[in-house]
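So that you can map any letter, position 175 of the sequence shown is 175 in the UniProt record's numbering, and since no number is skipped, the others follow by simple counting.
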Amino acid sequence: METAVRRQFFTRDRDFYRRFFRLLFYIALQNVIVTSVSLADNVMLGSYSQEALAGVAQVNQIQFLLQMVVSGAGEGMLVLTAQYWGRRDTAAIKKVIAIALRVCFVAGVLMMLVTLIAPRQCLELLLQNPAEIEEGVKYLRVMTYSYIIFCVSNVLVSALRSVENVRLGMGISLCSLMINVTLNYGLIFGHLGMPRLGTYGAALATLTARVVELIVVVWYVLKKEQVLKLRPSDLRVHDKALNRDFARAALPVMFTSASWGVAMGLQAAILGHMDTGNTASAVASSSVANSVFQIISVLCYGASSAAGILIGKAVGRDDRELVKSYTRTLQVIFLMIGAITGLLLYAVREPILNIYQELTPETREMSRQFMTVLAVTVVGTSYQVAVLSGIVRSGGSPKVQMYNDIIFMWCIVLPLSALGAFVWELSPVVVFAILKCDQVLKCGTAVIVCNRYRWIKRLAR
């Protein structure tokens, strides 16, 4: 029976589909909740003032860089832990988690120091409107204290995900969303007996939610979790061999993620410095469109994470034929998810824009056009991201995505978009389309690399 399953072109293993869609459901739902926190900030700040919306959007670009570094370390950790989980080697998994925590803690400290020392200078790299910069500085001065908390919480949630515990992350994110939305409503506008603090209030709300997240996840890991049974003493264990393995698995992923974070910052800077007569319009429009995209595209990124766990586990068991069958099946699922996501994003444009009451007509129209672009490119995003970061990376070849991103983002997209914005003076919508075209172009690489199966490598000892 098992041999027959392995030889099938598309797997008919019901347990595979059950586990994949279970992981996809919980991871996607968690991502919806996490992204909803950002959307809640955007909607409420957009109702407060357009300058606040644009300023906070660029602070989020700074935080996005840290998020990418932490995500890279977490995904690199998952490459190893998923393969060790296939062998049920929890002792090795705990050592890998300890390494990831140390790396991310250092990253959080460095980001906190930079934004504490030079918050205004950081924002001046991304904005030129003084009113937007001022609003952004108010937000950043508070958010800087959340960076270490964010790093620790994310690594611990990723660690639990690696052993297929995905419910806790969803529960924590839901708790964070409720706290954030309630405090945003009170502190931004002065409701519920709270002071009216505007942008500063939004930052306090987010910081409070992050503190609660950390308390809950640490309590669960130390008191309730029964698979890893992680203890503080485990964090002091050093293993030179695993350090090397982690570096080999995680450094390419961290570089890819950090590079992507920098690229996103440069994309925001290009839109923010375009001479359109209303730069706030381009920045705010991008913020609205990307916030909606992040929520709608959770299925794409959830599918990538779910696939990574299952592929890594199969590779860890040294089951090559099963890996191939899973890979063929997953590629079809990724394309279906992309098509559904694109149609959904196109359909919700008007209802979403009706929520933003304070946007100018120009900004509203530009947001509509940006969302149309994303509705097309998300099909490519769904396929190539899930293939390269979900299958290929977790299968043992983390460098492939790194090289692919360097070529398309740094050699094609950013130079062309800069020329389009500042030399050819193209419209913001055309520049935005150029900024997103790599999501389709990368599909060619993904198809070729994925179906050659040279990426299947065991990294776990």
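For each residue, glycine too, the CB sits at the ideal point set by N, CA and C.
These numbers come from a predicted model, not from an experiment.
Pick helix, strand or coil for residue i, following the three-state DSSP scheme.
{"i": "Met366", "result": "helix"}
{"i": "Ser389", "result": "helix"}
{"i": "residue 493", "result": "Because residue 493 is not part of the residues shown, which for the chain are 1 to 461, the question remains open."}
{"i": "Cys443", "result": "helix"}
{"i": "Ile456", "result": "coil"}
{"i": "Leu66", "result": "helix"}
{"i": "Asn354", "result": "coil"}
{"i": "Val237", "result": "coil"}
{"i": "Gln267", "result": "helix"}
{"i": "Thr11", "result": "coil"}
{"i": "Glu134", "result": "helix"}
{"i": "Asp89", "result": "coil"}
{"i": "Gln128", "result": "coil"}
{"i": "Gly395", "result": "coil"}
{"i": "residue 462", "result": "Only positions 1 to 461 of the chain appear in this structure, which leaves residue 462 out of reach."}
{"i": "Glu2", "result": "No answer about Glu2 holds up, because its pLDDT of 45 lies below 50 and its placement is not dependable."}
{"i": "Ala159", "result": "helix"}
{"i": "Arg196", "result": "coil"}
{"i": "Ala249", "result": "helix"}
{"i": "Met274", "result": "coil"}
{"i": "Val400", "result": "helix"}
{"i": "Gln294", "result": "helix"}
{"i": "Trp424", "result": "coil"}
{"i": "Gly190", "result": "coil"}
{"i": "Gln226", "result": "coil"}
{"i": "Arg22", "result": "helix"}
{"i": "Asp438", "result": "helix"}
{"i": "Asp318", "result": "coil"}
{"i": "Thr279", "result": "With a pLDDT of only 48 at Thr279, under 50, the local geometry of the prediction cannot be trusted, and no value is derived from it."}
{"i": "residue 495", "result": "The requested residue 495 does not occur in the structure, where the chain is confined to residues 1 to 461."}
{"i": "Val348", "result": "coil"}
{"i": "Ala118", "result": "coil"}
{"i": "Asn451", "result": "coil"}
{"i": "Arg328", "result": "helix"}
{"i": "Arg244", "result": "helix"}
{"i": "Phe16", "result": "helix"}
{"i": "Arg102", "result": "helix"}
{"i": "Arg231", "result": "coil"}
Buried or exposed, going by whether 16 or more other CB atoms sit within 10 Å of the CB of residue i?
{"i": "Trp219", "result": "exposed"}
{"i": "Glu321", "result": "exposed"}
{"i": "Trp424", "result": "exposed"}
{"i": "Asp245", "result": "buried"}
{"i": "Pro195", "result": "exposed"}
{"i": "residue 465", "result": "Residue 465 falls outside the range modelled here, since the chain spans only 1 to 461, and no answer is possible."}
{"i": "Tyr403", "result": "exposed"}
{"i": "Gly312", "result": "buried"}
{"i": "Ala433", "result": "buried"}
{"i": "Ala100", "result": "buried"}
{"i": "Tyr147", "result": "buried"}
{"i": "Gln226", "result": "exposed"}
{"i": "Ala241", "result": "exposed"}
{"i": "Gln67", "result": "buried"}
{"i": "Leu187", "result": "buried"}
{"i": "Asp15", "result": "exposed"}
{"i": "Ser173", "result": "buried"}
{"i": "Glu350", "result": "exposed"}
{"i": "Gln128", "result": "exposed"}
{"i": "Pro361", "result": "exposed"}
{"i": "Gly395", "result": "buried"}
{"i": "Cys184", "result": "Contrary to the premise, residue 184 reads as Asn rather than Cys in this sequence. Burial call: buried."}
Of the residues the options, which one's Cα is nearest the Cα of residue i?
{"i": "Ile295", "options": "Met143, Leu310, Thr363 and Leu374", "result": "Leu374"}
{"i": "Gly302", "options": "Leu192, Leu330, Ser367 and Thr115", "result": "Leu330"}
{"i": "Val449", "options": "Cys411, Asp438 and Ser389", "result": "Ser389"}
{"i": "Phe255", "options": "Cys300, Pro398 and Ile340", "result": "Pro398"}
{"i": "Val43", "options": "Thr199, Val413, Glu213 and Trp260", "result": "Thr199"}
{"i": "Ser36", "options": "Lys224, Phe422, Met409 and Thr182", "result": "Thr182"}
{"i": "Ile93", "options": "Gly261, Val155 and Leu204", "result": "Val155"}
{"i": "Ser427", "options": "Ser257, Phe370, Gly444 and Ile391", "result": "Phe370"}
{"i": "residue 467", "options": "Val392, Leu140, Cys300 and Lys95", "result": "Nothing about residue 467 can be read from this structure; the chain reaches only from 1 to 461."}
{"i": "Ala445", "options": "Ser417, Ile406 and Leu197", "result": "A small fix is needed here, since residue 445 is Thr in this sequence, not Ala. The shortest Cα separation from Thr445 among Ser417, Ile406 and Leu197 belongs to Ile406."}
{"i": "residue 463", "options": "Leu125, Lys95, Thr144 and Glu134", "result": "Because the chain in this structure spans residues 1 to 461, residue 463 falls outside the shown range and cannot be described."}
Using 8 Å as the cut-off, can you tell me whether the region 102-113 makes contact with the region 264-272, which would need three or more C-beta pairs spanning the two stretches below that distance?
no
The region 156-163 contacting the region 114-125, beta-carbon criterion three pairs below 8 Å:
no
At least three beta-carbon pairs within less than 8 Å, the region 21-40 to the region 163-172
A contact exists between the region 21-40 and the region 163-172.
Cβ pair count under 8 Å reaching 3, the region 72-89 against the region 403-412:
In short, these stretches do not touch, since the Cβ pair count stays below three.
The region 370-387 / the region 54-71 touching (three or more Cβ pairs under 8 Å):
In the pairwise beta carbon analysis, the region 370-387 is classified as not touching the region 54-71: fewer than three pairs are separated by under 8 Å.
With three or more beta-carbon pairs closer than 8 Å as the criterion, would you say the region 67-76 touches the region 202-212?
With the rule of 3 Cβ pairs closer than 8 Å, the region 67-76 does not count as touching the region 202-212.
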